[in-house]
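K.L.:
Be aware that the sequence shown starts at 77, since it is given in the working numbering, and climbs by one per residue. C-beta: ideal position from N, C-alpha, C; glycine also. Bear in mind that the values here come from a model prediction, so they are computed numbers and not experimental data.
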Amino acid sequence: MNNFRAILITLILLPLMGISQVEIAPSAGFMFGGRINYYQGELKINDNLNYGVSIIVPEIKWGTALELNYTRMDSEAKFRANPGYPDYQDTDFDISVNYIQIGVMKTLVEDDKLTPYGSFSLGTTIFSPKNDISDVWRFSITLGLGVKYMISDRIGVMARGRLMLPMIFGGIGGYVGIGTGGTSGGLSLNSYATIVEGDFNGGLIFKLGD
């Protein structure tokens, strides 16, 4: 997890270099874990609470803000083997789902205090089992709708719902170690697919700078 901490610190510090104003927005919410079918069986990630932080650079152009976001959910995954694959057994294991994203937040209605917005981001999702199963990294995108409300010039609140889509392509294996074949006992997809996840979260906004 040291890599995740380093990435998170980078996300926090990078916008502070040469930017006159930024917004720090810690958040917490609920994530839907999603499921995906492999040749060998079905993998289901349980829904659970999540948390994260956004670094927002407001008003870069045309009512659009730049957002750097890290979101994490700690949960449990369940693999259920299909008949005909004796080397694979039903398996439950703890897992963390980590989204590292960069994107934009577009203001939908101009207002001094209450600001509805849409968001789009792209980056990576890291599925990190807490055992000997290998991590899986995937390109991902998110789409969201939310609202910001500024209580004062420096403090506000925000809420958002997002559709979260890690992209997984047919023929790409994952989760090496689930099968009894050791490093060769990974999972493979039976077709092009994506795991569909989503979340609802809210948090505070702290505005820094001039």
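Compare the C-alpha of residue 111 against each of 277, 273, 285, 279 and name the closest.
P.N.:
Your numbering for residue 111 matches position 35 in the sequence shown. Checked all of 277, 273, 285, 279; the closest Cα to residue 111 is 273.
K.L.:
If I follow the unbroken beta strand (DSSP E) through residue 219, where does it start and stop?
P.N.:
The residue labelled residue 219 in the question sits at position 143 within the sequence shown. From DSSP, the beta strand (DSSP E) with residue 219 extends over 212–226.
K.L.:
Would residue 109 and residue 122 qualify as a contact pair, given that the criterion is a beta-carbon distance under 8 Å?
P.N.:
Looking up residue 109 in the sequence shown gives position 33. Looking up residue 122 in the sequence shown gives position 46. Yes.
K.L.:
Cβ atoms of residue 200 and residue 217: under 8 Å apart, would you say?
P.N.:
As a working note, residue 217 is residue 141 in the sequence shown. As a working note, residue 200 is residue 124 in the sequence shown. Contact flag unset, no.
K.L.:
How many Å lie between residue 270 and residue 138 at the Cα?
P.N.:
Position 194 of the sequence shown, counted from the first residue, corresponds to residue 270. Position 62 of the sequence shown, counted from the first residue, corresponds to residue 138. Distance between the alpha carbons of residue 270 and residue 138: 32 Å.
K.L.:
At the level of alpha carbons, what is the spacing between residue 214 and residue 197?
P.N.:
Here residue 214 corresponds to residue number 138 of the sequence shown, with the count starting at 1. Here residue 197 corresponds to residue number 121 of the sequence shown, with the count starting at 1. So the alpha carbons of these two residues sit roughly 14 Å apart.
K.L.:
Please tell me whether residue 136 has its Cβ less than 8 Å away from any Cβ of chain D.
P.N.:
The chain inventory of the structure shown lacks chain D, comprising one protein chain alone.
K.L.:
In angstroms, rounded to a whole number, what distance separates the CA positions of residue 119 and residue 173?
P.N.:
To locate residue 119, count along the sequence shown from 1; it is residue 43. To locate residue 173, count along the sequence shown from 1; it is residue 97. C-alpha separation (whole angstroms): 14 Å.
K.L.:
CB residue 181 to CB residue 143, shorter than 8 Å?
P.N.:
Within the sequence shown, numbered from 1, the residue matching residue 181 stands at position 105. Within the sequence shown, numbered from 1, the residue matching residue 143 stands at position 67. Yes; because the gap between Cβ atoms is below 8 Å, this pair is in contact.
K.L.:
Comparing C-alpha positions only, which one of 167, 159, 151, 225 sits nearest to residue 99?
P.N.:
One-based indexing of the sequence shown puts residue 99 at position 23. Among 167, 159, 151, 225, the Cα nearest to that of residue 99 belongs to 225.
K.L.:
Going by the beta-carbon positions, is the gap between residue 195 and residue 220 smaller than 8 Å?
P.N.:
Within the sequence shown, the letter at position 119 stands for residue 195. Within the sequence shown, the letter at position 144 stands for residue 220. Closer than 8 Å, so yes.
K.L.:
By the DSSP assignment, the beta strand (DSSP E) with residue 156 in it spans what residues?
P.N.:
Working through the sequence shown from its first residue, we reach residue 156 at position 80. Looking at the DSSP string, the run of the beta strand (DSSP E) that includes residue 156 is 140–157.
K.L.:
Terminal residues of the continuous beta strand (DSSP E) containing residue 274?
P.N.:
For the purposes of this step, residue 274 is taken as the residue at position 198 of the sequence shown. 273–285 is the span of the beta strand (DSSP E), which, as asked, contains residue 274.
K.L.:
Looking only at C-alpha atoms, which of 127, 115, 154, 97 sits nearest to residue 278?
P.N.:
Locating residue 278 in the sequence shown gives position 202, where the first residue counts as 1. For the residues 127, 115, 154, 97, the minimum Cα distance to residue 278 belongs to 127.
K.L.:
Tell me which same chain residues have a C-beta within less than 6 Å of the C-beta of residue 205, skipping the five on either side of it?
P.N.:
The count along the sequence shown starts at 1 and reaches residue 205 at position 129. These residues qualify, in order along the chain: 169, 171.
K.L.:
Is it the case that the Cβ atoms of residue 141 and residue 132 are separated by a distance below 8 Å?
P.N.:
Counting from one through the sequence shown, the residue named residue 141 turns up at place 65. Counting from one through the sequence shown, the residue named residue 132 turns up at place 56. Yes. Within cutoff.
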